[in-house]
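Engineer:
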Amino acid sequence: MNAEKKIGVIGIGKLGLCFALNAERSGYFVTGVDVSEDYVLSINQKAFRSPEPLVNEYLQEAKNFFASTDLSTALGTDLIFVFVATPALPDGSYNHEQIERIAEQLLSLPKPTSTKHLVIGCTTMPGYCNTLAAKLNPHNYTVSYNPEFIAQGSIIRNQQNPDVILIGEENESVGNAIEELHLSFCQSTPTVHRMDRLSAEIAKLATNCFLTTKISFANSIGDLAIKAGADVTKVLQAVGADSRIGNKYLNYGDGFGGPCFPRDNRALQKFADTVQQPLPLASATDKVNEQHLHFQIQTLLKAHKPDECIEIDGVAYKAGTVFIDESQRLKIALLLAQQNRKVMITDRAEVIAQVQSIYGNLFEYRVK
Ligand SMILES: NC(=O)c1ccc[n+]([C@@H]2O[C@H](COP(=O)([O-])OP(=O)(O)OC[C@H]3O[C@@H](n4cnc5c(N)ncnc54)[C@H](O)[C@@H]3O)[C@@H](O)[C@H]2O)c1
Numbered sequence: 024m025n026a027e028k029k030i031g032v033i034g035i036g037k038l039g040l041c042f043a044l045n046a047e048r049s050g051y052f053v054t055g056v057d058v059s060e061d062y063v064l065s066i067n068q069k070a071f072r073s074p075e076p077l078v079n080e081y082l083q084e085a086k087n088f089f090a091s092t093d094l095s096t097a098l099g100t101d102l103i104f105v106f107v108a109t110p111a112l113p114d115g116s117y118n119h120e121q122i123e124r125i126a127e128q129l130l131s132l133p134k135p136t137s138t139k140h141l142v143i144g145c146t147t148m149p150g151y152c153n154t155l156a157a158k159l160n161p162h163n164y165t166v167s168y169n170p171e172f173i174a175q176g177s178i179i180r181n182q183q184n185p186d187v188i189l190i191g192e193e194n195e196s197v198g199n200a201i202e203e204l205h206l207s208f209c210q211s212t213p214t215v216h217r218m219d220r221l222s223a224e225i226a227k228l229a230t231n232c233f234l235t236t237k238i239s240f241a242n243s244i245g246d247l248a249i250k251a252g253a254d255v256t257k258v259l260q261a262v263g264a265d266s267r268i269g270n271k272y273l274n275y276g277d278g279f280g281g282p283c284f285p286r287d288n289r290a291l292q293k294f295a296d297t298v299q300q301p302l303p304l305a306s307a308t309d310k311v312n313e314q315h316l317h318f319q320i321q322t323l324l325k326a327h328k329p330d331e332c333i334e335i336d337g338v339a340y341k342a343g344t345v346f347i348d349e350s351q352r353l354k355i356a357l358l359l360a361q362q363n364r365k366v367m368i369t370d371r372a373e374v375i376a377q378v379q380s381i382y383g384n385l386f387e388y389r390v391k
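This note's numbering puts the last residue of the sequence shown at 391; the count rises by one with no breaks.
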């Protein structure tokens, strides 16, 4: 492995850009690659503005981060991370087309004289990275898997403070290089889990599946407590105080949503079905999330007169973000409006603009 502290990052979108900036600040020379000329220019001119905390400041201060649309520029280094999108397909599995396109591009270039190490940071279906390795190994590329446990709205801070660093490595030397890079910008004391690619792919999805299960558990016990006339907060605090359980993600509130939890949960179910070892817990978690949504709607209907406008304060999938992907609060607003209830959505202008562009006058809006 090259002793020089240099990495390539292919796909400098929401996640890749944060990763590139964190690496740069910790002393790496970083070459980022993306497809749009305008975007790359705005990065190089430091004109790009992100809603994600710290990105704009870090970009302004970056001295050793350069972006390009030319994939071969990323090959000036031995360690190349990939953060392109892997959208979910209707059957729950992930679409790996963007990674495939990069693989095709790499295979069309001359075979590298020194081994290049590709590290997939995208969320993939378990088994995919092995398939990719079989394709790229003969062309002098290794393939490792190194997913991120981050949430929109705190990506940079989450990358700096992980609980777990998960590495599915092709060999020990590349595993060492990935670990060293993470630890270089890590401010927490994570445990590092190194394993084969398939195990790491399953571990990534299983982590999010467990969290969705915990959220659904808390909400269903909460709904039960409310229905029975008990104190939901006290019930959940007591349950979570048991150190075998823990209070994190055990609060009563909205169901899980956003760009990661629901789709990782479905992807794990899909993978489980594919290997004929079904995972009923994951599908039950989805059903519970849905049931909780209807409980919340009934609660709102009971609290408002039929002609009264119902205000939904905040419809981003998580407070503090501007993303509405699989937002439970937006689903509540939508289901209420479909029942001919007057609904007022209150949120930041950016969020309102997104909702309005999809749903127009279905709701009333108030900018916070
Ligand atoms: N954003 C999150 O909250 C989050 C959390 C955990 C995991 N992930 C995973 O990380 C991956 C990336 O997610 P994201 O949210 O950053 O996606 P994104 O869409 O914001 O960024 C992907 C970037 O890749 C670029 N790209 C596509 N094809 C390319 C190519 N051939 N060459 C170079 N660049 C190319 C796109 O232009 C885009 O800028 C996904 O697999 C996602 O599942 C995302």
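Every residue, glycine too, gets a C-beta built ideally from N, C-alpha and C. Values in this document were obtained by computation on a predicted structure and should not be read as measured data.
1. Is the beta carbon of residue 105 less than 8 Å from the beta carbon of residue 33?
2. Answer yes if the stretch 84-91 comes into contact with the stretch 53-66, meaning at least three C-beta pairs across the two stretches below 8 Å, and no otherwise.
3. Give the secondary structure of residue 102 by DSSP, where H, G and I count as helix, E and B as strand, and everything else as coil.
4. So, at 7 Å on beta carbons, what are the nonlocal neighbours of residue 65 in its own chain, with the 5 sequence-adjacent residues on each side left out?
5. Please confirm whether residue 227 and residue 146 have their CB atoms less than 8 Å apart.
6. Can you tell which of 109, 205 and 123 has the C-alpha that lies nearest to the C-alpha of residue 43?
7. Residues bridged to residue 336 by DSSP?
8. Give me, in chain order, the residues of the same chain whose beta-carbon lies closer than 7 Å to that of residue 318; leave out the 5 immediate sequence neighbours on both sides.
9. Which residue's Cα is closest to the Cα of residue 232: 347, 129, 144 and 289?
10. Can residue 38 be considered in contact with ligand 1, in the sense that its beta carbon sits closer than 7 Å to one or more heavy atoms?
11. Would you list the one or two residues that DSSP bridges to residue 90?
12. Along the beta strand (DSSP E) that carries residue 234, what are the first and last residues, could you check?
13. My assumption, with CB atoms under 8 Å, is that residue 366 sits in contact with residue 347. Please give the rounded CB distance.
14. Can you check whether the CB of residue 166 is closer than 8 Å to the CB of residue 193?
15. Among 140, 131, 158 and 122, which residue has its Cα nearest to the Cα of residue 148?
16. Looking only at its own chain, which residues have a Cβ that is under 6 Å from the Cβ of residue 388, when we skip the five neighbours before and after it?
17. When you compare the stretch 269-280 with the stretch 349-360, are there three or more beta-carbon pairs, one atom per stretch, that lie closer than 8 Å?
18. Across which residues does DSSP place residue 166 in a beta bridge pair?
19. Just checking, does the stretch 116-131 make contact with the stretch 171-190 on the three C-beta pairs under 8 Å criterion?
20. On the three-state DSSP scale, how would you describe residue 313?
21. Could you give the distance in angstroms between the alpha-carbon of residue 248 and the alpha-carbon of residue 256?
22. What first and last residue would you give for the beta strand (DSSP E) that runs through residue 387?
23. Measuring only the C-alpha atoms, how far is residue 343 from residue 238?
24. Can we count residue 280 as close to ligand 2, meaning its CB is less than 7 Å from some heavy atom?
25. Express the C-alpha separation of residue 196 and residue 217 in angstroms, rounding to a whole number.
26. Take residue 173 and list the residues in its own chain whose beta-carbon comes closer than 8 Å to its own, dropping the five residues that flank it on each side.
27. Secondary structure at residue 189, three-state DSSP: helix, strand or coil?
28. Measuring alpha carbon to alpha carbon, tell me which of 77, 73, 30 and 74 ends up nearest residue 103.
29. Find out if the Cβ-Cβ distance for the pair residue 284, residue 234 is shorter than 8 Å.
30. Within 10 Å of its beta-carbon, does residue 359 have 16 or more other beta-carbons around it, so buried, or fewer, so exposed?
Structural biologist: Answer, in terms of the structure:
1. The answer is yes: Cβ separation under 8 Å.
2. As far as the Cβ criterion goes, the stretch 53-66 touches the stretch 84-91, which means the pair count is three or higher.
3. The three-state secondary structure of residue 102, taken from DSSP, is strand.
4. Only 71 meet the Cβ criterion.
5. Contact flag set, yes.
6. For residue 43, the closest C-alpha among the options 109, 205 and 123 is that of 205.
7. Residue pairing by DSSP places residue 336 opposite 369 in a beta bridge.
8. Excluding positions up to five away in sequence, the list reads 246.
9. Nearest of 347, 129, 144 and 289 to residue 232, Cα basis: 289.
10. Ligand 1 approaches residue 38 closely enough that one of its heavy atoms is under 7 Å from the residue's Cβ.
11. 55, per the DSSP bridge assignment.
12. Here residue 234 belongs to no beta strand (DSSP E); instead the alpha helix (DSSP H) covers 220-251.
13. Not really, about 15 Å apart at Cβ, beyond 8 Å.
14. Residue 193 is a Cβ neighbour of residue 166, given a cutoff of 8 Å.
15. The closest CA to that of residue 148, considering only 140, 131, 158 and 122, is found on 122.
16. These residues qualify, in order along the chain: 368 and 375.
17. Counting C-beta pairs closer than 8 Å gives three or more between the stretch 269-280 and the stretch 349-360, which meets the contact rule.
18. Under DSSP, the beta-bridge partners assigned to residue 166 are 141.
19. The stretch 116-131 vs the stretch 171-190: no contact.
20. Three-state result, residue 313: helix.
21. Their backbone Cα atoms lie some 9 Å apart in a straight line.
22. Annotation: the continuous beta strand (DSSP E) that includes residue 387 extends over 387-390.
23. Between residue 343 and residue 238, the C-alpha separation is close to 19 Å.
24. Ligand 2 is not part of this structure, which contains only ligand 1.
25. If you take the alpha carbons of residue 217 and residue 196, they lie about 12 Å apart.
26. Answer for residue 173: 38, 41, 181 and 182, listed in chain order.
27. In the structure shown, residue 189 sits in a strand (DSSP, three-state: E or B).
28. Nearest C-alpha to residue 103: 30.
29. Less than 8 Å separates the beta-carbon of residue 284 from that of residue 234.
30. That one is buried.
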